[in-house]
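Per the numbering used here, the sequence shown runs over residues 5 to 72. The structure appears right after this line, and notes come after that.
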Amino acid sequence: MMEKYIGNVIEIIYIDREGKLTHRKIKLRGIRNKLIRATCLNTNQPRIFRMDNVLSWGPAKGAEMDAS
């Protein structure tokens, strides 16, 4: 279901490899093999997130979906 947001900004609550909870706003680039490719808008850096570690996600508040 997250795939329909590819190219758009979403917010995630994520547990990192050290076990810390983080709240991030990301631009979703793609999903493959349970890995999420994105640009983290908190750091403006490319990131890969494991879907298994995403605790919650949804469209970013105030962000419009890309029509393309």
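Beta carbons: idealized from backbone N, C-alpha and C, even for Gly. Since this is a predicted model, take the numbers as computed values, not measurements.
So, for K29: in the same chain, excluding its five sequence neighbours on each side, which residues have a beta-carbon less than 7 angstroms away from its beta-carbon? Counting from one through the sequence shown, the residue named residue 29 turns up at place 25. Cβ neighbours of K29 beyond the five flanking positions: V13, E15, L45, N46 and A64.
Is L39 near R54, with beta carbons less than 8 angstroms apart? By one-based count along the sequence shown, residue 39 stands at place 35. By one-based count along the sequence shown, residue 54 stands at place 50. Contact flag set, yes.
With 16 other CB atoms within 10 Å as the buried threshold, where does K31 fall? Position 27 of the sequence shown, counted from the start, is the residue given in the question as residue 31. It counts as buried.
Have a look at N37 and K24 and give me their C-alpha separation to the nearest angstrom. Position 33 of the sequence shown holds residue 37. Position 20 of the sequence shown holds residue 24. N37 and K24: Cα-Cα distance of roughly 23 angstroms.
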